[in-house]
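Enquirer: Got a structure here, written out as structure tokens. Questions coming.
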Amino acid sequence: MNTVIFRTMAPLIVAIMLVFSAYICLRGHNEPGGGFIGGLIAAGAIQVLALAQGVPAARRALHVDPLAIAGFGVFLAAASGLASLFVQAPFMTGIWLSLDIGDGTVSLSTPMLFDLGVYFTVFGALASVGLSLGSDRDEEDL
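Take the numbering used here: the final residue in the sequence shown is number 146, and no numbers are missing along the way.
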């Protein structure tokens, strides 16, 4: 599946998939969606890039080892639970903070931080597995 059309359209497809995955992740703590499905979509985007341009190009596009991204996600998820201990609430209690920025307010919450942790964990783990499987195929083709 290495056609000129696919190689040409892959960057656009990847960009659309990544924007959609961020949208799904960020709306997930209020509506259906969330970090898991967003991470799946983002990992799928990296696989599309790897299919179109090769695993080395996909690894270069990430700039960071996918397992490091997964580790960062686990850290974020744990930090969202530990934040409640600082306000003397039970572990994983949701905490909301509203910031006045300009003419509007931005609401931040520990459930959103947890969703981001799940997003990065799923994305990093699945991107790592997918790129590892794809790299074996590329080495056999040489």
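Positions of the beta carbon are idealized from the N, C-alpha and C atoms, including for glycine.
Note that the structure is a prediction, hence the values are computed from the model and not measured.
Run through DSSP, which three-state label would V52 get?
Expert: V52 falls in the helix class under three-state DSSP.
Enquirer: If A81 and F118 are in contact, beta carbons under 8 angstroms, what's the gap, nearest whole angstrom?
Expert: Contact flag correct, Cβ pair sits at about 5 angstroms.
Enquirer: Enumerate in chain order the residues of its own chain whose CB-to-CB distance from V110 is below 6 angstroms, with the five nearest sequence positions on each side excluded.
Expert: Cβ neighbours of V110 beyond the five flanking positions: L103.
Enquirer: By Cβ distance below 7 angstroms, which residues in the same chain neighbour R11 in space, the five residues on each side in sequence not counted?
Expert: Contacts found: A56, Q57.
Enquirer: If distances are taken between C-alpha atoms only, which option among A46, G106, A87, G134 comes closest to W100?
Expert: Cα-wise, what sits closest to W100 is A87.
Enquirer: To which residues does DSSP link L22 through a beta bridge?
Expert: None, per the DSSP bridge assignment.
Enquirer: Would you call the CB atoms of A61 and L53 closer than 8 angstroms?
Expert: In contact: A61 and L53 (Cβ atoms closer than 8 angstroms).
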